């Protein structure tokens with residue numbers, strides 16, 4: 041057995057080793073992500089404003105905020121009394137009525153890829169060394185940490201959101217997470233698979249992905265038959281997150297993508313050979329078929345794939361903006377219930393009415409009959425799509441990269 045010694049030479053050697061270790065640890069600490077983070081939490085939790093008693097007759101601009109990040113958000117992101125706004129390499133949460141910043145989170149040197157809200161939290165996805173796979177979940181009312189995750193992902197992603205799941209989609213990869221950011225589903229082409237043969241349709245291009253409850257719908261095109269659109273329905277939480285459990289596969293001749301999803305149904309827009317909206321039930325049976333006007337490319341943002349869609353949930357409908365009109369879908373069958381021509385984005389509910397953005401303002405409509413009762417005048421400098429959200433008596437307008445708050449005049 042070796043004899044323990046305590047000579048002067050041994051002590052000097054030990055001190056030298058300790059010094060080297062200390063320098064190494066310090067180097068790790070300085071380069072660790074936490075040292076690139078600016079994080080300011082709210083002094084007190086945000087309160088939920090009371091619902092508006094009536095739709096205002098006129099509105100004035102209360103505040104506005106620009107977003108210069110790559111995290112394109114097609115619609116405002118209100119959650120639990122705050123509004124989450126992308127900010128280059130981070131996110132701020134502001135008071136919806138005043139625009140006052142309540143909390144902020146920033147990762148210096150790491151561009152924000154995607155921003156979503158679910159589970160009473162804000163999920164910020166950042167670009168790291170392996171794509172947009174650095175995710176932080178922050179409590180909406182305070183900005184306090186909820187969870188983090190880090191994994192390989194695509195370099196450009198869009199959010200996938202429901203009340204039960206949150207995640208991202210890219211042209212070749214979909215993944216969903218629980219509230220603690222533990223992954224529940226991955227689907228697509230895995231560039232670095234842990235085990236081969238887990239994914240059923242590798243090599244295909246994903247055009248859209250939506251989720252609700254335990255249901256996930258993915259539309260994609262595959263190289264062996266590029267003129268066919270494939271709609272795959274699968275479980276949001278399979279037994280093994282790495283191995284999707286597909287329930288239905290629907291093949292449609294032509295180019296199209298999924299535009300709405302319910303717990304049991306999915307709606308698909310097919311642009312060729314002639315524009316149609318289809319609705320399928322949980323068994324893949326066609327239950328709705330409607331000829332529609334062509335959806336212009338204006339509904340998509342230049343340089344971004346069709347997965348960046350203008351969709352929104354309403355109290356009694358799901359909705360999709362195609363670039364020239366707003367479709368309302370029955371929440372169960374996803375058949376078309378109403379069509380609002382002349383819309384310029386997705387709408388929002390306020391005091392029992394549907395607010396629809398139009399060129400000269402905000403149309404106040406009856407969602408049951410489709411009647412437009414009046415228009416609230418709004419002057420805008422932007423010419424692109426506008427999407428709405430309502431928090432209390434504040435109307436939020438997402439105008440491209442600018443978020444504008446309107447309040448009763």
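Residue numbers (the numbering used here): 41 to 449. For every residue, glycine included, the Cβ atom is placed at its ideal position computed from N, Cα and C. This structure is a prediction, so every number in the text was calculated from the model and none was measured.
Contact under 7 Å by Cβ, residue i with residue j
i, j, result
"residue 290", "residue 243", "no"
"residue 204", "residue 253", "yes"
"residue 386", "residue 427", "yes"
"residue 86", "residue 139", "no"
"residue 213", "residue 237", "no"
"residue 206", "residue 257", "no"
"residue 377", "residue 394", "no"
"residue 209", "residue 198", "yes"
"residue 78", "residue 170", "no"
"residue 327", "residue 249", "no"
"residue 310", "residue 292", "yes"
"residue 159", "residue 202", "no"
"residue 76", "residue 144", "no"
"residue 235", "residue 319", "no"
"residue 433", "residue 84", "no"
Simplified DSSP state of residue i, which is helix, strand or coil
i, result
"residue 76", "helix"
"residue 149", "coil"
"residue 393", "strand"
"residue 159", "coil"
"residue 241", "coil"
"residue 188", "strand"
"residue 193", "coil"
"residue 382", "coil"
"residue 314", "coil"
"residue 297", "strand"
"residue 320", "strand"
"residue 112", "coil"
"residue 442", "strand"
"residue 223", "strand"
"residue 286", "strand"
"residue 309", "strand"
"residue 270", "strand"
"residue 178", "strand"
"residue 58", "Low confidence applies to residue 58: its pLDDT is 45, below 50, so where it sits in the model is not reliable enough to give any reading."
"residue 406", "coil"
"residue 231", "coil"
"residue 450", "Limits of the chain in this structure are 41 at one end and 449 at the other, which puts residue 450 out of reach."
"residue 105", "strand"
"residue 429", "strand"
"residue 422", "coil"
"residue 83", "coil"
Spatial distance of residue i from residue j (CA atoms)
i, j, result
"residue 61", "residue 188", "For residue 61, the predicted structure reports a pLDDT of 42, less than 50, and the residue's modelled location is therefore unreliable. A value from the coordinates is still provided. Distance between the alpha carbons of residue 61 and residue 188 is about 28 Å."
"residue 174", "residue 167", "6 Å"
"residue 155", "residue 129", "11 Å"
"residue 230", "residue 180", "32 Å"
"residue 398", "residue 279", "45 Å"
"residue 335", "residue 315", "8 Å"
"residue 270", "residue 260", "5 Å"
"residue 414", "residue 359", "21 Å"
"residue 437", "residue 444", "5 Å"
"residue 99", "residue 233", "53 Å"
"residue 435", "residue 381", "21 Å"
"residue 106", "residue 126", "9 Å"
"residue 429", "residue 396", "10 Å"
"residue 307", "residue 367", "11 Å"
"residue 283", "residue 403", "46 Å"
"residue 224", "residue 273", "15 Å"
"residue 442", "residue 431", "17 Å"
"residue 241", "residue 216", "18 Å"
"residue 263", "residue 108", "35 Å"
"residue 417", "residue 265", "48 Å"
"residue 338", "residue 419", "The predicted model places residue 338 with a pLDDT of 47, which falls under 50 and marks its position as unreliable; any figure quoted below should be read in that light. Answer to the nearest angstrom: the Cα atoms are 21 Å apart."
"residue 365", "residue 422", "18 Å"
"residue 447", "residue 369", "29 Å"
Residue from the options with nearest C-alpha to residue i
i, options, result
"residue 389", "90, 95 and 82", "95"
"residue 157", "176, 151 and 142", "176"
"residue 18", "167, 145 and 251", "In this structure the chain extends from 41 to 449, so residue 18 is not present and cannot be described."
"residue 135", "153, 420 and 88", "88"
"residue 392", "418, 354, 306 and 362", "354"
"residue 142", "105, 295, 150 and 133", "133"
"residue 185", "225, 110, 164 and 90", "164"
"residue 221", "162, 348 and 296", "162"
"residue 295", "277, 317, 281 and 301", "317"
"residue 195", "319, 361 and 150", "150"
"residue 363", "312, 349, 313 and 193", "349"
"residue 313", "80, 268 and 448", "268"
"residue 246", "255, 226, 211 and 239", "211"
"residue 137", "288, 81 and 101", "101"
Problem set entry | the stretch 102-121 in contact with the stretch 406-420 per 3-pair CB rule at 8 Å | no
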